[in-house]
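The block underneath contains the structure these notes are about, expressed in structure tokens.
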Amino acid sequence: MSLLEDLALPVLVLVPLLVGVWLLIADRVGPPPRPGTSRGVSVAAAVLVAAATVVVVWRRPELEFTWIESLGVRIDVGVDGLSAPFVLLTGLMALVATLVPYHEPLSDARLGLPGRPEPTEPLPVGVTTPAAPSLATYYSCLLVVIGGSLLTFLTRDAVVFFVAFELVLIPMWVLISRHGDATSTADRDGAALRFLLFTATGSMLMLIGILAVWGATGTTDLVRWADLAGSSLDHGTQVIVAVILLIGLGIKVPVWPLHTWLPWVHATAPTAGSVLLAAVLLKMGAYGMIRLVAAPLPDGLSTVSPVLAGCAVTGILWAGLACLVEQDLKRLIAWASIGHLGFVVLAIAAGSQTGLQAAVYGNMAHGLISALLFVLVGSLKHQWGGADLATPRAALREVSPRLGLALVLGMAGAMGLPGLAGFWGEWGAIFAAWAPGEGRTEGWFRFFAVLAAVGAALAVAYAVRVLREVWAGDRRAPAIRDTRGVELGILVVLGVGIVALGVYPVALLDLSAPTVESIITGLGAGR
1 MSLLEDLALP VLVLVPLLVG VWLLIADRVG PPPRPGTSRG VSVAAAVLVA
51 AATVVVVWRR PELEFTWIES LGVRIDVGVD GLSAPFVLLT GLMALVATLV
101 PYHEPLSDAR LGLPGRPEPT EPLPVGVTTP AAPSLATYYS CLLVVIGGSL
151 LTFLTRDAVV FFVAFELVLI PMWVLISRHG DATSTADRDG AALRFLLFTA
201 TGSMLMLIGI LAVWGATGTT DLVRWADLAG SSLDHGTQVI VAVILLIGLG
251 IKVPVWPLHT WLPWVHATAP TAGSVLLAAV LLKMGAYGMI RLVAAPLPDG
301 LSTVSPVLAG CAVTGILWAG LACLVEQDLK RLIAWASIGH LGFVVLAIAA
351 GSQTGLQAAV YGNMAHGLIS ALLFVLVGSL KHQWGGADLA TPRAALREVS
401 PRLGLALVLG MAGAMGLPGL AGFWGEWGAI FAAWAPGEGR TEGWFRFFAV
451 LAAVGAALAV AYAVRVLREV WAGDRRAPAI RDTRGVELGI LVVLGVGIVA
501 LGVYPVALLD LSAPTVESII TGLGAGR
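Residue numbers (UniProt numbering): 1 to 527.
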């Protein structure tokens, strides 16, 4: 193994964590780093991370050593066909999050912070004028979230999975509460508290489930869990543990009716925070459903799959209807995320190879589409001074054609149109539900497939609504500048990714196929 391969895994995990901790310490114990220094160091770390993800996925190095010998807990990291797409997506989002322009709240006119003129009118009730938040802390939190997410996808040990899962919570809470874009401190704090309470509850349930499987198998090795395929637990225990884990992980996805925290959080998170939340953190929940439930608890998942699929389809329909009436554009994109991830959960519940492949594909497609839309909405909200769709907006097709094209592409992807990434995830999930795996009731799943198709039609309806009100717009509304520079580059890269996954799905399907096949073999063996 070459030196490059030897260093790739340590770089991938340690660089974002160590640089993030260094920025935080430097901001607290000495003269705070200049904004340009914080940004430059963070972007450099993100470039290293992105490069390392390519090496790790290409060469598949492994790193293993004992962490807590008495408990049998190990640091065992590496990639397989399931984790590789998530690692690549996280590497790309590391670049997007550190490069995306930082608009809030440093340049929020209503807070009177640097970057805009001082407010000329009294601040509304509940609005405070805090000192400008530190960019060093902002980038520190971004990097720790990135590092924790990567470790979650790379680890093969259940205890380390839980630790990494928890590692991202506090920095994400700081991003929402301290660097959020709401004009009210109460709104920022409320959204951050919702995020913390919901995700902490989910983590507690996940820990209970992990301890139960650990106690039954005598190991924390996720590969060994998949090999055993639930043979060390009786059927009743599998069902109970699967329910506990699915509720805990379902909060993170989020699955209806555990979804209520997400629109609030997205509405107040900074743009980079929304990008990481939608494209990376929510994926940790879906990834956990496959790693911690589908592989080691096949009987349990099979038994509860109709309920899980029903919740997924309800979320698809609920989110689609919410998008038809939502007036805040950023919250609308958050509701759309709930609907898209409903297709992912439906595919997992179907329990077939097509279903798991569709779940992986749907995660990647949603990551790219949601990241593009949140970057776009962040730019629009910064220029509009809000995201209210009830306010007439200038027609992007005329005043900002590049932003308009990005909006059309993002909404077309959200519709699941053929030739774009969203198509394969959504319709793959519907097909998987129509022909579910062993142990599933075909009649119920075909009913869910029909309802999911109705949800896909709702996506077309709300996408057309957004295009009518923002892309077509109102010629009398004030014009805004078009995207350019780094922001334009981000939108181009994400747009190319959406098209590439749409026209050449084989690349991603071939990457994940071997691991998915082995999980499906375990699902059959579990019965």
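Even for Gly, the Cβ is constructed at its ideal location relative to N, Cα and C.
Because the structure is a prediction, the values reported are computed rather than measured.
Where G497 and I369 are concerned, what is the direct C-alpha to C-alpha distance, given to the nearest angstrom? Within the sequence shown, numbered from 1, the residue matching residue 497 stands at position 497. Within the sequence shown, numbered from 1, the residue matching residue 369 stands at position 369. If you draw a straight line from the Cα of G497 to the Cα of I369, it comes to about 9 Å.
Rounded to the nearest angstrom, what separates T391 and R331 at their Cα positions? Position 391 of the sequence shown, counted from the first residue, corresponds to residue 391. Position 331 of the sequence shown, counted from the first residue, corresponds to residue 331. R331 has its alpha-carbon roughly 15 Å from the corresponding atom of T391.
Since M206 and L249 are thought to touch, with beta carbons under 8 Å apart, how far apart are those beta carbons, to the nearest angstrom? As a position in the sequence shown, residue 206 is number 206, starting the count at 1. As a position in the sequence shown, residue 249 is number 249, starting the count at 1. For M206 against L249, the beta-carbon gap comes to about 6 Å, under 8 Å, which counts as contact.
Alpha carbon to alpha carbon, how far is T441 from I176? Give it in angstroms, no decimals. Position 176 of the sequence shown, counted from the first residue, corresponds to residue 176. Position 441 of the sequence shown, counted from the first residue, corresponds to residue 441. Using only the alpha carbons, I get a separation of about 42 Å.
Quick check on DSSP: helix, strand or coil for I75? Numbered from 1 along the sequence shown, position 75 holds the residue referred to as residue 75. Residue state for I75 is assigned as strand, using DSSP reduced to three classes.
Once the 5 residues before and after L488 are set aside, which same chain residues still bring their CB inside 7 Å of it? To locate residue 488, count along the sequence shown from 1; it is residue 488. Apart from sequence neighbours up to five positions away, the residues of its chain that approach L488 with a beta-carbon distance below 7 Å are R402, ordered along the chain.
Does DSSP put L63 in a helix, in a strand, or in coil? In the sequence shown, residue 63 corresponds to position 63, counting from 1. L63: strand per DSSP, three-state reduction.
Delimiting residues of the alpha helix (DSSP H) encompassing T137: Counting from 1 along the sequence shown, the entry for residue 137 is found at position 137. Start and end: 135-154.
Assuming L82 contacts I210 (C-beta within less than 8 Å), just tell me the rounded distance between them. As a working mapping, residue 82 is identified with position 82 in the sequence shown. As a working mapping, residue 210 is identified with position 210 in the sequence shown. Cβ atoms of L82 and I210 stay farther apart than 8 Å, at about 18 Å.
Just checking my contact of G355 with A365 at CB under 8 Å: how many whole Å lie between their CB atoms? Position 355 of the sequence shown, counted from the start, is the residue given in the question as residue 355. Position 365 of the sequence shown, counted from the start, is the residue given in the question as residue 365. With 8 Å as the limit, G355 and A365 do not qualify as a contact, their Cβ atoms being about 15 Å apart.
To test your reading of the DSSP string, which unbroken alpha helix (DSSP H) runs of 4 or more residues are found completely within the segment 400-476? Those alpha helix (DSSP H) runs which fall completely within the segment 400-476 and span 4+ residues are 401-415, 421-434, 442-466.
Measuring alpha carbon to alpha carbon, tell me which residue in A463, Y139, L169, W434 is nearest V41. For this step, residue 41 is matched to residue 41 along the sequence shown. When each option's Cα is compared against that of V41, the closest is Y139.
Roughly how many angstroms separate the alpha carbons of G115 and A136, rounded to a whole number? Numbered from its first residue, the sequence shown carries residue 115 at position 115. Numbered from its first residue, the sequence shown carries residue 136 at position 136. Any reading at G115 needs caution, since the residue's pLDDT is 36, under 50, leaving its predicted position unreliable; the model's value is listed next. In a straight line, the C-alpha of G115 is about 17 Å away from that of A136.
Three-state secondary structure (DSSP) of D189: Mapped onto the sequence shown, residue 189 falls at position 189. Helix at D189.
For K381 and G202, I'd like the C-alpha separation in whole angstroms. For this step, residue 381 is matched to residue 381 along the sequence shown. For this step, residue 202 is matched to residue 202 along the sequence shown. In this structure, the straight-line span from the alpha carbon of K381 to that of G202 is close to 31 Å.
Pair within 7 Å by beta-carbon distance, L308 and A242: In the sequence shown, residue 308 corresponds to position 308, counting from 1. In the sequence shown, residue 242 corresponds to position 242, counting from 1. Result no, Cβ atoms of L308 and A242 do not sit closer than 7 Å.
Mind reading off the beta-carbon distance from A421 to V275? Whole number of angstroms is fine, and I expect it under 8 Å. In the sequence shown, residue 421 corresponds to position 421, counting from 1. In the sequence shown, residue 275 corresponds to position 275, counting from 1. 16 Å between Cβ atoms; not a contact.
Around the C-beta of L197, are 16 or more other C-beta atoms found within 10 angstroms, so that it is buried, or is it exposed? Stepping through the sequence shown from its first residue, residue 197 is reached at position 197. Exposed.
Report yes if the CB atom of V377 is closer than 7 Å to the CB atom of L329, and no otherwise. For this step, residue 377 is matched to residue 377 along the sequence shown. For this step, residue 329 is matched to residue 329 along the sequence shown. Cβ atoms of V377 and L329: closer than 7 Å.
Can you give me the C-alpha to C-alpha distance between A50 and L277, rounded to a whole angstrom? To locate residue 50, count along the sequence shown from 1; it is residue 50. To locate residue 277, count along the sequence shown from 1; it is residue 277. The alpha-carbon atoms of A50 and L277 are separated by roughly 18 Å.
Look at the alpha carbon of E62 and the alpha carbon of T152, and state the distance between them as a whole number of angstroms. Numbered from its first residue, the sequence shown carries residue 62 at position 62. Numbered from its first residue, the sequence shown carries residue 152 at position 152. When rounded, the distance between both Cα atoms is 15 Å.
Identify every run of the beta strand (DSSP E) within the segment 262-307, keeping only runs that are complete inside it and at least 3 residues long; order them along the chain. Counting only unbroken stretches of 3 or more residues, no beta strand (DSSP E) element lies wholly within the segment 262-307.
Could you check the C-alpha separation between S400 and R74 for me, to the nearest Å? Along the sequence shown, one-based indexing puts residue 400 at 400. Along the sequence shown, one-based indexing puts residue 74 at 74. C-alpha separation (whole angstroms): 52 Å.
Give the secondary structure of I68 by DSSP, where H, G and I count as helix, E and B as strand, and everything else as coil. Within the sequence shown, the letter at position 68 stands for residue 68. It is a strand residue.
Short of 6 Å in beta carbon distance, which residues of its chain neighbour G91, apart from the five on each side in sequence? Order them along the chain. Walking along the sequence shown from the start, residue 91 turns up at place 91. Apart from the 5 residues on each side of it in sequence, G91 sits with its Cβ closer than 6 Å to the Cβ of V49, A50, T53 in its chain, given in chain order.
Hey, how far is the Cα of D27 from the Cα of P270? As a first step, residue 27 is located in the sequence shown; it is residue number 27 there, counting from the start. As a first step, residue 270 is located in the sequence shown; it is residue number 270 there, counting from the start. Approximately 20 Å between the Cα atoms of the pair.
Check the C-beta distance from L491 over to A394 and give it rounded, since I have them as a contact under 8 Å. For the purposes of this step, residue 491 is taken as residue 491 along the sequence shown, with counting starting at 1. For the purposes of this step, residue 394 is taken as residue 394 along the sequence shown, with counting starting at 1. Contact between L491 and A394 does not hold, since their C-beta atoms are separated by about 18 Å, which reaches or exceeds 8 Å.
What is the C-beta distance between L262 and P254, in whole angstroms, given that I count them as a contact (C-beta under 8 Å)? Position 262 of the sequence shown, counted from the start, is the residue given in the question as residue 262. Position 254 of the sequence shown, counted from the start, is the residue given in the question as residue 254. Between P254 and L262 the Cβ distance is about 5 Å, and since that is below 8 Å, they are a contact.
Let me check one thing: in DSSP terms, what residues is D482 bridge-paired to? Here the question's residue 482 lines up with position 482 in the sequence shown. DSSP output for D482 lists no bridge partner at all.
Pull up the DSSP beta-bridge partners for D221, would you. The count along the sequence shown starts at 1 and reaches residue 221 at position 221. D157, per the DSSP bridge assignment.
Here's the rule: buried if 16 or more other CB atoms are within 10 angstroms of the residue's CB, otherwise exposed. What is E398? Reading the sequence shown from its first residue, position 398 is the one you call residue 398. A residue is called buried when at least 16 other Cβ atoms come within 10 angstroms of its Cβ; E398 does not meet this threshold and is exposed.
Where the alpha helix (DSSP H) through H259 begins and ends: On the sequence shown, residue 259 is found 259 positions in, with the first residue counted as 1. That residue, H259, is in no alpha helix (DSSP H); it is neither H nor E in DSSP.
Could you give the C-beta distance for A45 and V15, rounded to a whole number, given that I count them as a contact under 8 Å? Taking the sequence shown and counting its residues from 1, one reaches residue 45 at position 45. Taking the sequence shown and counting its residues from 1, one reaches residue 15 at position 15. With 8 Å as the limit, A45 and V15 qualify as a contact, their Cβ atoms being about 5 Å apart.
Where does E426 land, buried or exposed, given buried means 16+ other C-beta within 10 angstroms? The residue labelled residue 426 in the question sits at position 426 within the sequence shown. By the neighbour-count rule (16 or more Cβ atoms within 10 Å), E426 is buried.
Do you know how far the Cα of M284 is from the Cα of L17? For the purposes of this step, residue 17 is taken as the residue at position 17 of the sequence shown. For the purposes of this step, residue 284 is taken as the residue at position 284 of the sequence shown. Straight-line measurement puts the Cα of M284 at about 18 Å from the Cα of L17.
Coarse secondary structure for D234, derived from DSSP in three states: The residue given as residue 234 occupies position 234 in the sequence shown. Correct three-state label for D234: coil.
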